[in-house]
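*Asks:*
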Amino acid sequence: MKLIDAMRRGRQGYLMSAPALALYLGLLVIPLGLTLVLSFNVFDYGSGINSEAYTFEHYTSLLGDPYFYEIFLRTFWISALTTVLCVVIGVPEAYILSRMGAPWRSIFLILILTPLLISVVVRAFGWSLLLGADGLVNQTLQALGGSPMKLLYTPFAVVIALVHVMLPFMIIPVWTSLQKLDPAAEQAALSLGASQFTVIRKVVLPQIMPGVLSGTLIVFGLAASSFAIPGLLGGRRLKMVATLIYDQYLSELNWPMGAAIAVALLLLNLLIMLSWNRMIEGRYKKSLG
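Read left to right, the sequence shown gives residues 1 to 289 (full-length UniProt numbering).
Below, the structure is given as structure tokens:
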């Protein structure tokens, strides 16, 4: 009887999870599978895509051309720099936010989340107006007696806009981890003579590392696959992988090559993020004994 009840509960669990599983398969697994298959299709500029013939040519071209190496390297160092800046800015900001009292905590939390309600494209256009040749930044430099600088269509413009967009995705996980932190632990360390810096380094940071880890994974993944900001602020010369995929699909009409680049980006992203996750989790467990 107990076995029958257990089987019935298991069947009900599968039935209840079926809609979510169908959504997962339909919106993620199947499109990724079709993209993988497309990346092996033969392409010819005269006849187009041959869905009945398969080749490794797109991957060999991707591995053998330094042009693609340069774009992938640029994408990952810009994403890494964006992640580091988000950690440097976001972790202290989350710590200050967690120490605020009502109603200031709610007010500043709303201010942090409000930019997420604005389109990334709109924010990218805003930065282009600020950083352009006749933008507010250059006008201020000229008013102070300096000479205008080329800020738009540079890595600087892409990084600063990405940090602006990604910062909430770092602050929120860290702030959530800080909510679980027992204030008595900090007070105990302070009462034993530890400085505030030592308390933050020895007590606070080790306990909020899961939040920092989550934030870095989210920020790096989103920055590496970002399209709107590199496309609008990087221009045609400062290409990143997402803009390269866009060009292959819509300019070159070489869909298999675009699919191969997308698959390569996904695999490299997974490799970097899983390696980072394993390294930080190992240090986190070691720090907690």
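Ideal Cβ placement from N, Cα and C applies to all residues, glycine included.
In this text, all values refer to a predicted model and were calculated from it rather than measured experimentally.
1. From what residue to what residue does the beta strand (DSSP E) around S51 run?
2. Going by other Cβ atoms of all chains shown within 10 Å of its Cβ, with 16 needed for buried, is T198 buried or exposed?
3. Is there contact between the segment 199–207 and the segment 171–191, where contact requires at least three CB pairs shorter than 8 Å?
4. I'd like to check one pair, I245 with L162: are the Cβ atoms closer than 9 Å?
5. For the beta strand (DSSP E) containing V122, name the first residue and the last one.
6. Counting C-beta neighbours from all protein chains within 10 Å, is the total for L66 16 or more, i.e. buried, or is it exposed?
7. Classify S39 as buried or exposed, calling it buried when 16 or more other Cβ atoms lie within 10 Å of its own Cβ.
8. Give the DSSP-derived three-state secondary structure of F43 in the structure shown.
9. Here's the rule: buried if 16 or more other CB atoms are within 10 angstroms of the residue's CB, otherwise exposed. What is V29?
10. Rounded to whole angstroms, what's the CA-CA distance from R99 to R105? Just pull it up for me.
11. Could you give the DSSP three-state label for E252: helix, strand or coil?
12. Contact between the segment 250–259 and the segment 38–57: three or more CB pairs below 8 Å?
13. Give the straight-line distance between the Cα atoms of E57 and G90, rounded to the nearest whole angstrom.
14. Can the beta-carbon of N269 be found less than 9 Å from the beta-carbon of A224?
15. Taking the alpha carbon of residue 364 as the point to measure from, which residue in L136, L97, S251, S275 has its own alpha carbon closest?
16. In chain order, what residues of the same chain have a beta carbon less than 7 Å from the beta carbon of S51, not counting five sequence neighbours either side?
17. With contact counted as at least three CB pairs below 8 Å, one residue from each stretch, are the segment 149–165 and the segment 126–133 in contact?
18. From what residue to what residue does the alpha helix (DSSP H) around Y246 run?
19. Classify residue 303 as buried or exposed, calling it buried when 16 or more other Cβ atoms lie within 10 Å of its own Cβ.
20. Smallest Cα separation from P92: which of P168, Y54, F76, R237?
21. Nearest to T216 by CA position, among R236, V174, L232, is which residue?
22. Assuming L144 contacts V137 (C-beta within less than 8 Å), just tell me the rounded distance between them.
23. Quick check: what's the CA-CA separation for L116 versus M166?
24. Buried or exposed for L265, please, with buried defined as at least 16 other CB atoms from any protein chain shown within 10 angstroms of its CB.
25. Can you find the residues in the same chain that come closer than 8 Å, C-beta to C-beta, to E281, ignoring five residues on each side of it along the sequence?
26. Under the assumption that M273 contacts G221 (Cβ atoms under 8 Å), give the Cβ distance between them as a whole number of angstroms.
27. With I171 as the anchor, note down where its alpha helix (DSSP H) starts and where it stops.
*Replies:* Quick answer:
1. Where S51 is concerned, the enclosing beta strand (DSSP E) stretches over 48–54.
2. Classification for T198: exposed.
3. With the cut-off at 8 Å, the segment 199–207 and the segment 171–191 touch.
4. Annotated as distal: L162 and I245, with beta-carbon spacing of 9 Å or more.
5. Run containing V122: none in the beta strand (DSSP E); it sits in the alpha helix (DSSP H), 120–131.
6. Reading the sequence as shown, one finds Pro at residue 66 and not Leu. By the neighbour-count rule (16 or more Cβ atoms within 10 Å), P66 is not buried but exposed.
7. Label assigned to S39: buried.
8. Under the three-state reduction of DSSP, F43 is assigned to strand.
9. It is exposed - the Cβ of V29 has fewer than 16 other Cβ atoms within 10 Å.
10. For R99 and R105, the gap between their C-alpha atoms comes out near 8 Å.
11. Under the three-state reduction of DSSP output, E252 falls in the coil class, being neither helix nor strand.
12. With the cut-off at 8 Å, the segment 250–259 and the segment 38–57 touch.
13. Answer to the nearest angstrom: the Cα atoms are 43 Å apart.
14. With respect to the 9 Å criterion, N269 and A224 are classified as neighbours on the basis of their beta carbons.
15. As displayed, the chain neither begins before 1 nor continues past 289, which places residue 364 out of reach and without an answer.
16. Within the same chain, and ignoring the five residues on either side of S51 in sequence, the residues whose Cβ sits closer than 7 Å to its Cβ are N41.
17. Per the Cβ contact rule, the segment 149–165 is in contact with the segment 126–133 (3 or more Cβ pairs under 8 Å).
18. Per DSSP, Y246 belongs to the alpha helix (DSSP H) from 241–246.
19. Not covered by the structure: residue 303. The range shown for the chain is 1 to 289.
20. Comparing Cα positions, the closest option is P168.
21. When only C-alpha atoms are compared, the closest one is V174.
22. Actually they are not in contact, since the Cβ atoms of L144 and V137 sit about 11 Å apart, beyond 8 Å.
23. Within the model, the alpha-carbon separation for L116 versus M166 is close to 9 Å.
24. So L265 ends up on the buried side.
25. The residues are L213.
26. Rounded, the Cβ-Cβ distance is 6 Å, consistent with contact.
27. From DSSP, the alpha helix (DSSP H) with I171 extends over 155–179.
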